[in-house]
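Heads up: the sequence shown is residues 1 to 214, going by UniProt numbering. Heads up: the structure comes next, in structure tokens.
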Amino acid sequence: MDKDYLAMLHLDVPDREWTNQLQEYDIAIFSTGYWHFRKSLYYVNNTLLGGSLHEEVNATKIDLISEFQMTMETVMRHIATQYRGIAMIRTVSVDHFEHGQWDGGGKCNRTHPYARKDVTVPQKNAQMNKVQAEELEKAMTLVTRGFPKLLLLNVTDSAAMRPDGHPDVYRNQPDNSPNDCLHWCLPGPIDMWNQLVLHTLEPIYRGKFLTATL
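Here you go:
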């Protein structure tokens, strides 16, 4: 990332530091999502392919979902062929800014979850969720000798129901900073995700690996 916060992403090559650290873990949980909304240039074969849809990015425009699909394909292929542990893919979550975006006065001061009938997952989040599930299914065909074990922790719908789960103005940050309606408080949604992780891993350590995803 340069001084103007413009990211340079090589979509076809995993980061070397990331791949080296991955081998140190028996269980790895992968998550990605909102960083893909940042200003970025995209490279394939060390050649500039294009850039994000931001006006200030001077490159051929590439839709976020197309870039995200290429990224997930690269990551999942590496995991399926080079990692020998248990890999869990946590799907993209959902923000809950109301009355403006993060940099325009948006806030999230609700104190109760949404009812199921009141929840609509934003289109981009739903598309990213679909890409993650599809790329995991494709990666499963590359697995040999039973490892790695690939699991999907699908939290997108449940995250959409929790507008009350963000720090909002209570995050420890400088005065006049934007409200935080993207990250999550540890109690609440994160507790539930941890329970899902435990529920998913228990059968594996009891010798009853479940191939179905959550």
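Backbone N, C-alpha and C fix where the C-beta goes; we use that ideal spot for every residue, glycine too.
> Is any heavy atom in the ligand COA found nearer than 6 Å to the beta carbon of D103?
Replying inline: In terms of ligand content, the structure shown is empty, and the ligand COA therefore cannot be addressed.
> Which residues in the same chain have their Cβ closer than 7 Å to the Cβ of E67, if we skip the five residues on either side of it in sequence?
Replying inline: L11, H36, Y42
> In terms of residue numbering, what span does the alpha helix (DSSP H) encompassing L201 cover?
Replying inline: Boundaries of the alpha helix (DSSP H) harbouring L201: 191-205, taken from the DSSP string.
>> Suppose only complete runs of 4+ residues qualify. What are the alpha helix (DSSP H) ranges in the region 22-73, listed by chain order?
In response: none
> So, using beta-carbon positions, are D26 and G100 closer together than 7 Å?
Replying inline: no
> Quick one: what's D149 bridged to in DSSP?
Replying inline: Residue 149 is actually Lys in this sequence, not Asp. Bridge partners of K149: I86.
>> Which same chain residues end up closer than 6 Å to K39 when comparing Cβ atoms and leaving out the 5 residues on each side of it in sequence?
In response: L6, S52, H54, V57
> Can you give the beta carbon distance from I79 to A139, rounded, assuming they're within the 8 Å contact cut?
Replying inline: I79 to A139, Cβ: 7 Å. Contact.
>> Using a 10 Å radius around the Cβ and a threshold of 16 neighbouring Cβ atoms, would you call L151 buried or exposed?
In response: buried
> Can you list, in chain order, the residues of its chain whose CB lies under 7 Å from that of P178, leaving out five sequence neighbours each side?
Replying inline: Cβ-Cβ distances below 7 Å link P178 to W102, D103 in the same chain, with the five nearest sequence neighbours on each side left out; the list follows chain order.
>> I need the straight-line Cα distance from T211 to Q173, nearest angstrom please.
In response: Confidence in T211 is poor, its pLDDT being 45 and thus under 50, which makes the residue's placement too unreliable to answer from.
>> Distance check for N154 and T213, CA to CA, integer angstroms please.
In response: Only weak support exists for where T213 lies, its pLDDT of 43 falling under 50; the coordinates are left without a value.
>> Considering Cα atoms alone, identify which of V121, A87, D118, D95 is closest to N109.
In response: D95
> For the alpha helix (DSSP H) that M140 lies in, which residues bound it at each end?
Replying inline: Start and end: 123-140.
>> Rounded to the nearest angstrom, what separates Q69 and V131 at their Cα positions?
In response: 6 Å
>> Spatial neighbours of R162 within its chain, please: C-beta separation below 6 Å, excluding the five flanking residues on both sides.
In response: Excluding sequence neighbours, R162 sits near P113, P189.
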